[in-house]
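K.L.:
The working numbering numbers the first residue of the sequence shown as 53 and each following residue consecutively. Every residue, glycine too, gets a C-beta built ideally from N, C-alpha and C.
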Amino acid sequence: MVSAMWSGEWEIRWLEQVDSTNSYVRDQARQGVPEGLVVAADHQTAGRGRLDRRWESPPGANLLASFLLRPDCDAADAHLCTAAVALAGADACGELAGVEPLLKWPNDLLVGDAKLAGVLAEVEFEGSALAAVVVGIGINVAWPGPADAGGTCLDDVRMTAQPVDRRQLLERVVAGLTRRRTLLDAATGRRALADEMRRRCGTLGRTVRVTLAAEEFSGLASGIDDAGQLLVETAGGTRRVQAGDVVHVRPS
Ligand code: BTN
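As structure tokens, this is what we get:
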């Protein structure tokens, strides 16, 4: 371990190298470690993205971090943990780099149409009850991702003179998550979080192309329901998308 520190209720462990910060934190969650563990790494040898993809990042380039949450909510609300971390990440980028990324459903941060960050949430159950949610975020700081992926990084879009420091960025994400954390435990708070997510989601109002395992369709993204599903207005009616690949279609 490179360093360990406490920031309020959070224990931050910064590792030189790990397979995946999400896998590490999941393992800790299964061993009963309480909420509040934050693990960041300079390098991941097997970083994971959504839909079983890999998440690549050269050593020391980007922020790679995972949070252990044990919210008092049902599994159906776990998607709001993703939203809380994504919103905290967006705030942190605004505070340190002067850029205001929008959320892309379900869990990316975009600057314009370029991906700045991705979030991967994984749930742990005890019987049928939600025991933990592990939320990992990868924010591109100095490397925009693979050349063919259309990503960007803070170094390319920042409005500030100084490059963004990854440790300071993590501290700001932690602060943003701290501001939202208690919202997850009560219905009124969860509604407020869902509303903030809808307000800051750049997918709404856009034409999107949705790719599911067995089909593809396009339509207008009109809303996000309380279960976190994207509502898409198509020629055949409203479709609800639970998980899938969504691309914002450029206006022609
Ligand atoms: C995605 O957009 O597909 C989600 C990417 C999530 C990447 C982060 S990096 C830190 C954490 N550890 C992982 O293995 N993945 C997440």
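1) What does a CB cutoff of less than 7 Å around Val185 pick up in its chain, not counting 5 residues either side in sequence?
2) Looking at the unbroken beta strand (DSSP E) that takes in Gly271, where does it start and where does it end?
3) Out of Gly289, Gly288, Val284, point me to the one whose CA is closest to Ala296's CA.
4) Regarding Gly254 and ligand 1, is the C-beta to nearest heavy atom distance less than 7 Å?
5) Would you say Leu116 touches ligand 3, meaning its beta carbon is less than 7 Å from a heavy atom?
6) Quick check: what's the CA-CA separation for Phe269 versus Asn192?
7) Sorry if obvious, but does the Cβ on Gly170 come closer than 7 Å to a heavy atom of ligand 1?
8) For Thr73, which residues of its own chain have a beta-carbon under 7 Å away from its beta-carbon, when the five flanking residues on both sides are left out?
9) Work out the CA separation of Pro111 and Leu89 for me, nearest whole Å.
10) Could you check where the beta strand (DSSP E) with Glu152 kicks off and where it finishes?
11) Report yes if the C-beta of Asn74 is less than 7 Å from at least one heavy atom of ligand 1; otherwise report no.
12) Report yes if the CB atom of Val171 is closer than 8 Å to the CB atom of Ala138, and no otherwise.
13) Do Val216 and Leu148 come within 8 Å of each other at the CB atom, strictly closer than that value?
14) Suppose you measure from the CA of Ala201 to the CA of Asp104; what does that come to, to the nearest Å?
15) Excluding sequence positions up to five away, which residues of its chain have a Cβ less than 8 Å from the Cβ of Arg242?
16) Confirm the yes/no value for this check: CB of Trp107, any heavy atom of ligand 1, distance under 7 Å.
17) Run the proximity test for Ile189: is its beta-carbon closer than 7 Å to any non-hydrogen atom belonging to ligand 1?
18) Ignoring anything shorter than 3 residues, give me the beta strand (DSSP E) runs that lie fully in the segment 101–189, in order along the chain.
19) Measuring only from the beta carbon, is Gly141 closer than 7 Å to any heavy atom that is part of ligand 1?
20) Ignoring anything shorter than 4 residues, give me the alpha helix (DSSP H) runs that lie fully in the segment 219–272, in order along the chain.
21) In terms of residue numbering, what span does the beta strand (DSSP E) encompassing Asp30 cover?
22) Starting from Thr73, follow the alpha helix (DSSP H) in both directions and report where the run begins and ends.
23) Ala92 by DSSP, collapsed to three states: which one?
P.N.:
In terms of the structure at hand:
1) Taking the sequence shown and counting its residues from 1, one reaches residue 185 at position 133. Within the same chain, Val185 has close Cβ partners Leu121, Pro123, Ala130, Cys133, Ala173, Val175.
2) As a working mapping, residue 271 is identified with position 219 in the sequence shown. Here the beta strand (DSSP E) through Gly271 covers 268–276.
3) Looking up residue 296 in the sequence shown gives position 244. The sequence shown places Gly at residue 296, not Ala. Selection Gly289, Gly288, Val284 evaluated against Gly296 yields Val284 as nearest (Cα-Cα).
4) Locating residue 254 in the sequence shown gives position 202, where the first residue counts as 1. Distances taken from the Cβ of Gly254 to the heavy atoms of ligand 1 include none shorter than 7 Å.
5) Because ligand 3 does not appear in the structure shown, any question about it cannot be addressed here, the ligands present being ligand 1.
6) Start at 1 with the first residue of the sequence shown, and residue 269 comes out as number 217. Start at 1 with the first residue of the sequence shown, and residue 192 comes out as number 140. So the two alpha carbons sit approximately 30 Å from each other.
7) Locating residue 170 in the sequence shown gives position 118, where the first residue counts as 1. Look at Gly170: its beta carbon is less than 7 Å from one of the heavy atoms in ligand 1.
8) Locating residue 73 in the sequence shown gives position 21, where the first residue counts as 1. Val91, Ala92, Ala93, Gln96, Leu116, Ala117, Ser118, Gly188.
9) Position 37 of the sequence shown, counting from 1, holds the residue named residue 89. Position 59 of the sequence shown, counting from 1, holds the residue named residue 111. One C-alpha to the other measures close to 22 Å.
10) On the sequence shown, residue 152 is found 100 positions in, with the first residue counted as 1. Per DSSP, Glu152 lies in no beta strand (DSSP E) segment and is marked neither H nor E.
11) In the sequence shown, the residue the question calls residue 74 occupies position 22. True, at least one ligand heavy atom lies under 7 Å from that Cβ.
12) As a first step, residue 171 must be located in the sequence shown, where it is residue number 119. As a first step, residue 138 must be located in the sequence shown, where it is residue number 86. Against a cut-off of 8 Å, the Cβ pair of Ala138 and Val171 comes out as a contact.
13) What you label residue 148 is simply residue 96 of the sequence shown in a count that begins at 1. What you label residue 216 is simply residue 164 of the sequence shown in a count that begins at 1. For the 8 Å CB-CB criterion, Leu148 and Val216 form a contact.
14) Locating residue 201 in the sequence shown gives position 149, counting from the first residue. Locating residue 104 in the sequence shown gives position 52, counting from the first residue. One alpha carbon belongs to Ala201, the other to Asp104, and they sit about 16 Å apart.
15) Numbered from its first residue, the sequence shown carries residue 242 at position 190. Taken in chain order, the residues that qualify are Cys125, Asp129, Leu132, Leu235, Leu236.
16) One-based indexing of the sequence shown puts residue 107 at position 55. Ligand 1 approaches Trp107 closely enough that one of its heavy atoms is under 7 Å from the residue's Cβ.
17) Indexing the sequence shown from 1 puts residue 189 at position 137. Within the cutoff, so yes.
18) Listed in chain order, they are 115–121, 154–156, 160–163, 166–178.
19) Stepping through the sequence shown from its first residue, residue 141 is reached at position 89. Taking 7 Å as the cut-off, the C-beta of Gly141 does not count as close to any heavy atom of ligand 1.
20) Here the runs fully enclosed are 239–251.
21) Residue 30 lies beyond the range of the chain shown here (53 to 304); nothing can be said about it.
22) Here the question's residue 73 lines up with position 21 in the sequence shown. From DSSP, the alpha helix (DSSP H) with Thr73 extends over 73–82.
23) Taking the sequence shown and counting its residues from 1, the one referred to as residue 92 is at position 40. In the structure shown, the three-state DSSP call for Ala92 is strand.
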